[in-house]
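Take a look at the structure below.
Number of protein chains: 2
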Amino acid sequence: MMASQDAVKTCRVLTAETIAKNLLNEVRDTLAKIQETGSGQPMLAAFLANGDPHAEKYAEWSKKTCEDNGFKFDLRNVEKEALEEEIMKANEEEEVDGIIVYYPIFPKNPSHDKYVQETVDLGKDVEGMRHQHLHNMYHNIRYLDPPENRKKSILPCTPLAVVKILEYLQIYNPVLAAGNRLYGKTITVINRSEVNGRPLAALLANDGATVYSVDITGVQLFTRGQGIKKVRHQVEDKEGWGLEQCLPISDVVISGVPTESYKVPTELIRDGAACINFSSYKNFDGPAIKEKAALYVPSVGKVTIAVLLRNLVRLIANRPAKKPADSGDIAQARNEAFADD
Amino acid sequence: MMASQDAVKTCRVLTAETIAKNLLNEVRDTLAKIQETGSGQPMLAAFLANGDPHAEKYAEWSKKTCEDNGFKFDLRNVEKEALEEEIMKANEEEEVDGIIVYYPIFPKNPSHDKYVQETVDLGKDVEGMRHQHLHNMYHNIRYLDPPENRKKSILPCTPLAVVKILEYLQIYNPVLAAGNRLYGKTITVINRSEVNGRPLAALLANDGATVYSVDITGVQLFTRGQGIKKVRHQVEDKEGWGLEQCLPISDVVISGVPTESYKVPTELIRDGAACINFSSYKNFDGPAIKEKAALYVPSVGKVTIAVLLRNLVRLIANRPAKKPADSGDIAQARNEAFADD
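Chains as they are written, first to last, in full-length UniProt numbering: chain X, 1 to 341; chain W, 1 to 341.
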């Protein structure tokens with residue numbers, strides 16, 4: 001007989017830190033294998049041009065994570081109007097391995113931000129924001145160089161961070177074939193921004209899930225069709241649907257609404273669901289959700305930074321080795337980097 | 001002594017039709033010179049995916065202008081969600097010489113429209129909307145293939161139509177060196193959209209003008225600096241400025257506000273100005289503006305369609321000739337196409 005006065009805790013809360021630690025171990029191991037002798041620490045150039053204190057804070061964390069894990073982080077504060085030229089310079093600098101830009105730069109003009117994103121060299125696009133990377137992601141194409149298939153396409157950091165969390169939570173079922181490991185799972189994603197929510201819904205559906213993508217304009221269903229027979233997801237409007245329809249049938253609820261006041265209605269979530277918050281605000285009511293969910297991940301930021309470094313190592317692995325003496329072993333290690341993806 | 005009871009009319013009103021006619025003559029002549037023997041009519045594939053009746057109307061006009069001038073126009077009605085795949089097919093079709101898409105497709109999501117634009121093959125981007133074309137325009141780079149400089153970069157249609165109108169109105173001064181022909185002119189552009197107003201302000205400033213770019217968020221000054229010493233325009237915020245400051249000092253007023261109710265305040269426009277409306281609504285008060293302006297162009301739509309065909313011929317001129325027998329003369333004609341730009 002249990003002596004505790006408390007009810008048994010049924011919800012397991014997992015922090016981003018725990019999950020990030022695993023990923024960072026893998027990143028460091030892989031980096032050690034693919035680096036050529038005598039090469040220095042890889043360098044990430046980060047551009048801050050919006051004066052956003054949240055972005056500055058995030059940049060500080062990123063710098064610390066970089067330095068703790070054997071990477072250089074070069075924060076460059078630039079004027080908005082000079083940003084394009086500064087990115088073009090970094091594209092040419094041999095010591096820069098990857099480029100990150102803190103968006104939004106022009107919050108009233110998302111098309112201008114897209115224009116800036118397209119300026120980053122494809123081989124340094126650590127955020128996976130270039131059109132070719134996004135196109136491959138939406139089309140479920142894993143490589144940049146078919147038919148050789150040696151260069152992996154880069155996936156955007158926050159969506160990939162959520163995928164890595166779902167793998168850690170074993171919602172990806174490793175018994176199923178790679179690429180189909182979410183088959184049978186129903187997932188609601190609240191937020192359909194071009195940067196996070198829409199790519200995330202596409203990635204999860206491409207991996208076999210039935211995904212309800214919800215934003216203020218309505219609900220869209222992302223799936224690979226009956227029996228996941230299609231090679232990539234299709235999108236369908238769900239007229240008249242809302243959270244009332246989506247949440248009670250969802251195994252997983254992922255929310256990324258960027259406002260402080262927004263809360264996912266706990267009463268609609270099914271018992272034993274997995275809940276993940278990727279907003280910088282708390283989209284779930286913490287005490288209440290722990291009475292309903294089986295798994296709860298309150299934030300993803302640290303996993304996103306780990307994925308950023310993982311992408312950086314991926315970009316290095318995509319490049320041909322420079323020194324002929326090293327090239328045999330290094331080339332093989334580069335081909336094998338993150339082979340489980 | 002004049003017998004007329006009317007005041008002498010001091011404002012010359014020029015229609016888009018008159019200006020377009022000139023351009024279409026040049027387009028037909030150039031096409032005849034650069035076409036290889038036995039090649040059929042060039043074909044423009046146009047994608048309509050938004051069900052917008054304005055776009056349908058515009059497509060009808062475009063079709064008529066195409067067919068009257070020796071071009072094929074293939075209107076393709078597709079579902080929004082299928083648009084990307086349909087564009088990819090057209091990229092591969094040898095008989096398609098240029099691709100146009102009627103935007104907005106996702107009016108609430110301009111980033112998604114940018115994603116779709118980037119899908120069009122660079123060699124078929126008749127609208128000049130691909131990042132490389134826009135990048136060259138903003139940087140005042142005329143060619144896609146330095147240092148050979150045989151492939152001209154494509155400029156976006158509406159901004160280029162306004163440039164062609166300003167040339168027709170002799171506001172571009174042919175006595176000055178090409179590239180500097182707006183030096184000394186002050187121009188206000190009302191609208192700073194990513195598709196029209198901002199590229200237009202950049203093009204005019206790159207050609208030497210002092211440009212005030214005005215939208216609801218404020219005024220920006222686009223210039224090549226004192227003595228137009230810089231190779232391309234710089235942008236500077238004009239805090240506290242509004243139309244009250246810009247219009248009285250502007251030789252040219254260009255407006256493209258996409259709302260029916262908006263009117264440029266006539267009383268602020270200087271006597272003898274040139275006024276051009278590129279909105280599909282009438283941004284100038286017709287009777288009043290004719291008492292104030294020296295030159296007035298009430299719409300640009302037909303010039304835009306002429307420029308679209310001009311861009312299509314430019315794309316064909318950019319391609320290497322296929323038949324060895326023709327290649328000498330054709331190659332020369334292709335290099336010389338629209339040589340005055």
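Just so you know, even glycine gets a beta-carbon here, dropped at the ideal spot from N, CA and C.
Keep in mind the model is a prediction, meaning the values are calculated, not measured.
The Cβ-Cβ distance between A201(X) and V219(X) does not fall below 8 angstroms. Taking C-beta atoms as the reference points, D68(W) and M43(W) fail to come closer than 8 angstroms. Not flagged as an interface residue toward chain W: K63(X), since no C-beta distance is shorter than 8 angstroms. In this structure H54(X) is exposed. Its beta-carbon is surrounded by fewer than 16 other beta-carbon atoms within 10 angstroms.
Residues of the segment 97-125 of chain W with a C-beta less than 8 angstroms from any C-beta of chain X: K108, N109, P110, S111, H112, D113, K114, Y115, E118, T119, listed in chain order. Contact check for Y212(X) against S255(X) fails: the beta carbons are separated by 8 angstroms or more.
Against E194(X), the close residues of chain W are N109, S111, H112, Y115, in the order they occur along the chain (beta-carbon pairs closer than 8 angstroms).
Cβ neighbours of N318(W) within its own chain (closer than 8 angstroms, five residues either side excluded): G123, L144, R150, K151, K152, R334.
V231(X) is classed as exposed because its beta carbon has fewer than 16 other beta carbons within 10 Å across all chains shown. Neighbours of L134(W) across chain X, judged by C-beta separation under 9 angstroms: Y115, E118. Residues Y183, G208 of the same chain have their beta carbon placed closer than 8 angstroms to that of L176(W), with the five preceding and five following residues left out of the count. Contact with chain X is found for H131(W), since one of that chain's Cβ atoms lies less than 8 angstroms from the residue's Cβ.
The secondary-structure analysis by DSSP pairs Q220(X) across a beta bridge with S213(X), D237(X).
In the structure shown, Y58(W) adopts helical secondary structure according to DSSP, grouped into three states. Interface annotation, T217(X): in contact with chain W, CB-CB separation under 8 angstroms. Put simply, of Q35(W), H233(W), L204(W) the residue whose alpha carbon is nearest the alpha carbon of D329(W) is Q35(W). Taking 7 angstroms as the Cβ-Cβ cut-off, the segment 213-241 of chain X approaches chain W at T217, V235, given in chain order. If you draw a straight line from the Cα of L24(W) to the Cα of T18(W), it comes to about 10 angstroms. A buried status is given to Q117(X), since no fewer than 16 other beta-carbon atoms sit within 10 Å of its beta-carbon. The shortest CA-to-CA distance from V214(X) to any of G227(X), N196(X), K229(X) is the one to N196(X).
Here N77(W) carries a strand assignment [DSSP, helix/strand/coil]. Taking a Cβ-Cβ cut-off of 8 angstroms, E36(X) has no neighbours in chain W, whose nearest Cβ is about 32 angstroms from it. DSSP, reduced to helix, strand and coil, places T186(X) within a strand of the structure shown. Around R192(X), the same chain offers R198, S213, D215 as residues with beta carbons nearer than 6 angstroms, after the five sequence neighbours per side are excluded. Between Y281(W) and I289(W), the C-beta gap is not smaller than 8 angstroms, which leaves the two residues out of contact.
Legend: CB atoms of the segment 77-89 of chain W lying less than 7 angstroms from CB atoms of chain X belong to residues E81.
Sequence-distant Cβ neighbours of E239(X) in its own chain, meaning closer than 8 angstroms and more than five residues away, are G218.
Here S62(W) is buried: its Cβ has 16 or more other Cβ atoms, across all protein chains shown, within 10 Å. Under the three-state reduction of DSSP output, A46(W) falls in the strand class.
K164(W) places its beta carbon less than 8 angstroms from that of V307(W). A direct Cα-Cα distance of roughly 10 angstroms separates N77(W) from V101(W).
A residue is called buried once 16 or more other Cβ atoms fall within 10 Å of its Cβ, and A339(X), having fewer, is exposed. Shown here for N180(X): same chain residues with a beta carbon closer than 8 angstroms to its own, the five before and five after excluded, namely D207, G208, I228 in chain order. At a cut-off of 4 residues, the continuous stretches assigned as alpha helix (DSSP H) that sit fully inside the segment 102-177 of chain W are 110-117, 131-138, 157-168.
L14(W) sits in coil when the DSSP states are folded into three classes, being neither helix nor strand. For a cut-off of 8 angstroms, the C-beta gap from T158(W) to F278(W) is around 6 angstroms, short enough to register as a contact.
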